[in-house]
Each structure stands twice: as C-alpha cells, then as structure tokens.
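Asker: Residue numbers (this note's numbering): 55 to 499.
#1: From the DSSP output, in three-state form, read off residue 81 for me.
#2: In this structure, what does DSSP give as the bridge partners for residue 224?
#3: If we count the other Cβ atoms within 10 Å of its Cβ and call it buried at 16 or more, is residue 103 buried or exposed?
#4: Are the beta-carbon atoms belonging to residue 293 and residue 105 less than 8 Å from one another?
#5: Put residue 112 into one of helix, strand or coil per three-state DSSP.
#6: Between residue 111 and residue 258, is the Cβ-Cβ spacing less than 8 Å?
#7: With distances taken Cα to Cα, identify the nearest neighbour of residue 439 among 256, 113 and 225.
#8: Would you say residue 316 and residue 332 are within 8 Å of each other, going by their C-beta atoms?
#9: Among 156, 66 and 117, which has the Cα closest to the Cα of residue 388?
#10: What is the rounded straight-line gap between the Cα of residue 43 and the Cα of residue 107?
#11: Assign residue 174 to buried or exposed, taking buried as 16 or more other Cβ atoms, counted over all protein chains shown, within 10 Å of its Cβ.
#12: Under three-state DSSP, which class holds residue 498?
#13: Candidates 384, 214, 336 and 334: which alpha carbon is nearest residue 73's?
#14: Counting Cβ pairs, one atom from each stretch, are 3 or more of them under 8 Å apart for the stretch 476-485 and the stretch 159-171?
#15: Considering only C-alpha positions, which residue in the set 248, 231 and 392 is nearest to residue 325?
#16: Taking residue 380 as part of the alpha helix (DSSP H), name the residues at either end of that continuous run.
#17: What is the rounded straight-line gap between the Cα of residue 378 and the Cα of residue 95?
#18: Excluding the 5 residues flanking residue 447 on each side, which residues of the same chain have their C-beta closer than 6 Å to its C-beta?
#19: Closest Cβ-Cβ distance between residue 266 and chain C: below 8 Å?
#20: What residue range does the alpha helix (DSSP H) around residue 97 cover?
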C-alpha cells in the first residue's frame with residue numbers, strides 16, 4: 055500500500071492525448087521493416103494481410119475497450135486480471151506484461167542504434183552503442199520523471215512526427231505513381247493457408263502495444279470514458295497507415311528490389327539518397343517516440359502492484375514536487391537499459407511477442423467474468439455480443455501462440471526465470487496477506 059500522507063498522482067491526460075499515446079505505443083519499428091517480408095510471402099496481395107490482422111486485433115482490442123471502461127486506477131492488464139481472477143493471476147500477468155514491454159522497448163532501442171549507424175557507422179560498436187543507449191534512455195527518463203504533462207507532451211509530439219513521416223511518404227508515393235501514369239498494384243488474396251497464417255501472425259504484433267497506454271489510468275482525466283475512444287481511434291488510424299504503406303510499396307518496388315528497409319528503399323527510388331536519408335530519420339523518430347510512450351506508460355504497473363500491496367510500498371512513492379511515480383520510473387528505466395545492452399533486436403522481439411499473447415488472453419477472458427462479478431464498477435462501454443467476441447479473441451490469441459516458432463535456449467531461460475519469479479512473488483504476497491489477516495484478528499481479540 056502507498057505510504058501514509060504521500061502526494062497523489064495528478065490526472066493530466068485528456069482524451070486526445072490518450073489516443074495519441076495509444077497510436078505512439080502501436081507504431082514502432084514494425085512498419086519500417088515488415089512490408090518487405092509481407093511482400094515476399096504474399097506478393098501484391100500483401101495489403102489484405104494488414105486488414106485481416108487488424109480484424110484479429112479488433113477482437114482483442116474490443117475486449118480491452120469494455121474491460122478498461124470499468125476502471126479509473128493505475129495498473130492496466132495487471133489491475134484487470136487481478137480483479138477478475140484474483141491476486142496470483144494478477145501478479146503473473148504483471149510479470150508477463152513487464153517482460154513484454156521491457157523487451158519490446160529494448161528491441162526498439164537496438165533498432166534506433168542500427169538506423170543511427172546509417173549516419174554514424176561507429177554507433178554499433180560496443181562503446182559508442184553504450185553511449186548512445188545511455189544518452190537516449192537518460193533523456194526519456196528525465197522527461198517522464200519531472201512530470202506526466204511533460205511526458206504526455208513528448209509522446210504527443212512524437213506521435214505527430216510519426217504520422218507526418220508516414221503520411222508524407224504515402225502522399226509522395228501516390229503523387230509519384232500518378233505522375234508516372236502508373237496504377238496502384240494489388241492482387242486478391244490467394245496462395246497457401248500457411249503463408250497467410252504466418253503473415254497475419256507477424257502483423258498482429260505490429261498492431262500490439264496499445265495495452266501500454268492503459269497503464270496510467272490514475273493519471274487520465276476520465277479513463278473509463280476515454281480509453282475505448284482512444285483504442286478504436288488508434289486502430290482505425292494504424293490500419294489506414296499500415297495498409298496504405300504496404301500498398302504503395304508493392305506498387306513502387308518489384309520484389310527483386312525489396313530490402314530490409316523497404317520504406318527507405320522506396321524513398322530512394324523516388325527521390326534518391328536524400329529521400330532514403332529522410333526516411334531513416336523517420337525510423338529514428340518512430341523508435342524514439344515508441345520508447346517515450348513505454349517509459350511514460352509501463353512504470354505505472356510497478357506503482358499499481360505496490361498500491362495493491364503486491365510490492366513493497368517504496369514502489370508506490372509519488373514525487374512530492376513532480377507528482378510522478380519516480381521510483382517505479384527509475385527501476386523501469388534501469389531494467390530497460392540492461393535489456394537493451396544485453397539483447398539484440400530479434401531476441402527481445404521474440405520474448406515480447408510470446409509474453410504478450412498470455413496477457414491478451416487473460417484480459418479477454420476477464421470480460422465475461424467481470425460482467426458477472428459483484429462489486430465491479432459498471433462498464434461505460436458495453437461490447438455487443440461481448441461473451442462471443444471474448445471467446446473468439448482468446449481462441450485467436452492461443453492459436454497464434456501455438457503457431458509461434460520454437461524459442462531458443464536463452465529465451466527459454468528468461469521465461470523460466472520469469473515463471474520462478476511469479477511463483478516466489480505469489481508466495482510472498484500470500485504470506486503478506488496471511489500476516490495482515492492475523493494482525494487484524496489479533497486486534498479484535
């Protein structure tokens with residue numbers, strides 16, 4: 055529980071800032087690399103894969119919309135799972151959520167260094183890489199430490215920068231195609247089921263990350279009303295941006311010209327080296343913005359754990375001047391720095407993807423449970439056919455999990471350590487509950 059007499063969090067995040075934060079949490083590095091892989095798998099039918107992945111994401115996101123509309127506290131997926139299924143499940147989901155967001159953010163930090171090497175080749179060497187990561191993460195930590203308003207403003211600015219970069223690319227490509235008297239190329243879905251399944255599996259993760267925006271509920275002005283709005287606005291915006299980006303790329307570039315940096319390659323095809331440089335800057339902006347959203351959102355899960363007595367009270371401390379959960383922010387930033395230094399982009403991404411599917415399933419399963427659970431606040435957004443959609447969402451998440459490639463030894467060890475941590479943490483929490491109960495009983499005697 056929070057320490058008596060300490061300051062409280064300030065509710066400073068409005069409706070459109072929540073929508074911008076959600077978009078910022080979704081648009082990370084994926085859109086700058088995945089179009090070439092989708093094109094290689096599905097050819098000119100690739101834009102349909104983004105639409106199908108958006109539909110799969112919408113099932114899960116709709117469940118999040120109803121569940122989040124019941125709560126106005128900090129905690130997100132941890133809070134929802136704890137309320138629906140009890141303390142041990144809440145703790146397990148908190149660990150998985152933390153692991154997923156730490157590794158996703160660390161993957162983007164590594165990609166930031168990779169693209170910075172386009173301008174400074176030495177950036178990927180050991181010492182320069184450490185210096186870059188230290189500088190980037192220190193600035194983000196300081197901005198979020200000194201106030202949620204500053205952190206929100208930073209997130210809003212980077213969301214705008216991402217959308218301007220991607221929107222500018224799409225418009226430029228459409229104009230270029232028109233001036234060359236070409237037409238946008240697209241093919242109807244065809245080909246083996248496995249190719250489509252693998253592509254959609256990959257793209258569902260490109261639509262992920264929105265759960266991070268649900269963490270700072272205690273700092274949103276009206277989270278129960280605004281979270282469903284923010285989720286659906288973000289999904290619509292991201293679906294349009296993702297689908298159009300894939301469409302113009304397959305219209306501009308033959309498969310033989312695809313690279314690991316498809317947007318930069320397309321920009322170079324249209325505007326030469328200057329175009330490629332501008333798009334590379336866009337990737338840097340996107341990665342930095344994604345990191346800013348995670349440093350803003352996910353430290354709040356530590357705060358929520360402590361607020362509910364599942365971590366020591368120190369994690370729930372609020373800075374007396376800045377009104378931020380400063381201890382939780384510093385702990386998250388320190389672990390993010392460690393994961394960024396220790397792992398590669400791909401390694402962090404795989405762990406994040408596997409962890410994410412577990413807590414997606416948990417929140418979707420919480421929807422029918424919370425509808426029946428007495429004492430739960432009414433939902434301000436009621437999902438039509440919610441129980442059916444929740445069942446479909448859980449089935450979708452589990453099928454994607456079963457389709458995932460086998461983990462390597464190092465990833466397996468990390469997940470095993472997390473499982474051990476969940477067990478130890480749950481035992482500690484149970485002991486704390488028994489101790490508190492015994493103390494109350496003794497007080498009545």
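For glycine and all other residues, C-beta sits at the position ideal for the given N, C-alpha and C.
Answerer: So, from the data block:
#1: coil
#2: Bridge partners of residue 224: none, in fact.
#3: Classification of residue 103: buried, given that the 10 Å Cβ count is 16 or more.
#4: yes
#5: helix
#6: yes
#7: Per the C-alpha coordinates, the member of 256, 113 and 225 positioned closest to residue 439 is 113.
#8: No.
#9: 156
#10: Residue 43 cannot be examined here, being either before or after the span of the chain that is shown, 55 to 499.
#11: exposed
#12: Unreliable placement is indicated for residue 498, whose pLDDT of 46 sits below 50; the coordinate value is still reported in the next sentence. Of the three classes helix, strand and coil, the one that applies to residue 498 here is helix, per DSSP.
#13: 214
#14: no
#15: For residue 325, the nearest C-alpha among the options comes from 231.
#16: 380-396
#17: 46 Å
#18: 113, 114, 117 and 418
#19: Judged by its chain identifiers, the structure shown contains no chain C, having just a single protein chain.
#20: Where residue 97 is concerned, there is no enclosing alpha helix (DSSP H), given that its DSSP letter is neither H nor E.
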